[in-house]
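For the protein sequence lines, the chains are Z and R, in the order given.
Numbering-wise (the numbering used here), the first sequence opens with residue -14 and increments by one.
Numbering-wise (the numbering used here), the second sequence opens with residue -14 and increments by one.
Glycine is no exception: its CB is placed at the ideal position from the N, C-alpha and C atoms.
Before any comments, here is the structure.
Protein chains: 2
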Amino acid sequence: VRAQVLESAFRLLVEKGPSAFSIGEVALRAKVHETSIYRRWRTKSALALDACLNFAEQTLAIPDTGALRSDLVDLLRRVSALLRSPEGKAMLALSFALEPEAIETRRTYWRIRLGAAAAIFERAAARGEISPDVDAKQFIEALIAPFFFRALVSLQPIEAWPFEQMVDRLLSAELRGGRKEGDISV
Amino acid sequence: VRAQVLESAFRLLVEKGPSAFSIGEVALRAKVHETSIYRRWRTKSALALDACLNFAEQTLAIPDTGALRSDLVDLLRRVSALLRSPEGKAMLALSFALEPEAIETRRTYWRIRLGAAAAIFERAAARGEISPDVDAKQFIEALIAPFFFRALVSLQPIEAWPFEQMVDRLLSAELRGGRKEGDISV
């Protein structure tokens, strides 16, 4: 039932936007009773948050290719594609919902998503690819922010942003800057 | 008259937002005839664009401190402060205006502003600080995007973004990566 409700809720968000989003309509679509939605999700913000997280977990699974660079490139390629899709545009439109409840929902969404992506850096540190001191969330924020800047602010084409080059720049700074005195590898 | 109209137009945008923005009200505030505004700016989008550019030119004058790093840090400090001010929040609210005319206006605004900031890199290249091949607009986009990401998307505090560290990372990548074989300076 949970998956069915979240899927219906996400579709409704995509089709009608956050202002037309209601638990009543989700219940109709998911063919469940309203009360059973309210039992699990107390507010429509909580339901919208879970619906977006559920979709993001499926679409933006955190990559595990065995190397930091290819993990990051893979993640950014998916973020870029998502932001150009109808689902991504609907999620961007949620950025325009500024009611107090929606604000908390979005903070939580990003705390969870950036936290999940940090796993890429934990694995890289375990492989000895990068210092465990690198702030993974900040690193990922720096890499994904330009896509959102283009989509929401400057309205330039997202697909033209040279994200691989940016991965290389930031990684090269980290790998060189993080090398310790006495480290003999070149 | 031009300065007076642009100042009144910008104040009106800040106070009432883009939807309540009209040439009639700007004329009232600036104490000029509507027709003399229409003569110079044919549409309210053109007027809003000029009003924002005029404000940005005054508030975000492109720094010229004599060194690339301090120019960038100075610019980013001002962008961060602006985005937290009432004027900056009003300009962010313009990001929510998605009528076709407003879209063209914003593209033009960013083309002009990123182009102006590129002067920082031209001067740095002339001083021999950085390769003239570095794409200045992309560099600046990468540096300012996280402020907008936090302000519009993740809703995290803008003032907590470590922009100096990011300047150092990107510059270190550029200076090291850009060094040519046979270059003997260290």
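ask   = If you pair each beta-carbon of the segment 30 to 38 of chain Z with each one of the segment 86 to 101 of chain Z, do three or more pairs fall below 8 Å?
value = Because the criterion of three Cβ pairs below 8 Å is met, the segment 30 to 38 of chain Z and the segment 86 to 101 of chain Z touch.
Review point. So what does DSSP say about I22 (chain Z), is it helix, strand or coil?
Key: helix
message = Check whether chain R comes within 8 Å of L155 (chain Z), counting only Cβ atoms and requiring the distance to be less than that.
response = yes
Q | Contact check, V152 (chain Z) vs L68 (chain Z), beta carbons under 8 Å | A | no
Neighbour list for F133 (chain Z) in chain R, Cβ cutoff strictly below 8 Å: A130, F133, F134, L137 and V138
**Message:** What residue range does the alpha helix (DSSP H) around S30 (chain R) cover?
**Reply:** K29 to T44
- request: Figure out for me which residue from R:E42, R:L(-9), R:A46 and R:S4 has the closest Cα to the Cα of S21 (chain R).
  value: R:L(-9)
### Query
In terms of residue numbering, what span does the alpha helix (DSSP H) encompassing E126 (chain R) cover?
First-last of the alpha helix (DSSP H) with E126 (chain R): A121 to F133.
Discussion item. Please list the terminal residues of the continuous alpha helix (DSSP H) segment that includes P71 (chain Z).
Written reply: P71 to A78
Taking 8 Å as the CB-CB cut-off, is R92 (chain R) touching chain Z?
yes
If we cut at 8 Å on Cβ distances, does E126 (chain Z) have a partner in chain R?
yes
Given E10 (chain R), which residues of its chain have a CB within under 7 Å of its CB, disregarding the five upstream and five downstream residues? L(-3)
Beta-carbon gap between G2 (chain Z) and A127 (chain Z) smaller than 8 Å:
no
Selection of the segment 21 to 36 of chain Z by Cβ proximity to chain R, strictly under 9 Å: none
Less than 8 Å between the C-beta atoms of R135 (chain R) and I125 (chain R), yes or no?
no
Can the beta-carbon of I47 (chain Z) be found less than 8 Å from the beta-carbon of A101 (chain Z)?
-> yes
- Within chain R, the residues that A101 (chain Z) reaches when beta carbons sit closer than 9 Å: Neighbours of A101 (chain Z) on chain R: none; closest Cβ ~14 Å, over 9 Å.
**OP:** For I88 (chain R), go through chain Z and note every residue whose CB falls closer than 8 Å to its CB, in chain order.
**Re:** L140
Checklist entry - Between the Cα of Q150 (chain Z) and the Cα atoms of Z:L61, Z:A52, Z:A66 and Z:A110, which residue gives the shortest distance? => result Z:L61
With respect to the alpha helix (DSSP H) encompassing A145 (chain Z), which residues constitute its N-terminal and C-terminal limits? According to the DSSP assignment, A145 (chain Z) belongs to no alpha helix (DSSP H), since it is labelled neither H nor E.
Check the C-beta distance from A15 (chain Z) over to S30 (chain Z) and give it rounded, since I have them as a contact under 8 Å. Contact doesn't hold; Cβ gap of about 18 Å is too wide.
Using CA atoms only, rank isn't needed, just tell me which of Z:L140, Z:I88 and Z:L160 is closest to S88 (chain R).
Looking at the sequence itself, residue 88 (chain R) is Ile, so the reference to Ser does not match. Nearest of Z:L140, Z:I88 and Z:L160 to I88 (chain R), Cα basis: Z:L140.
Smallest Cα separation from E107 (chain R): which of R:F6, R:I97 and R:D118?
R:D118
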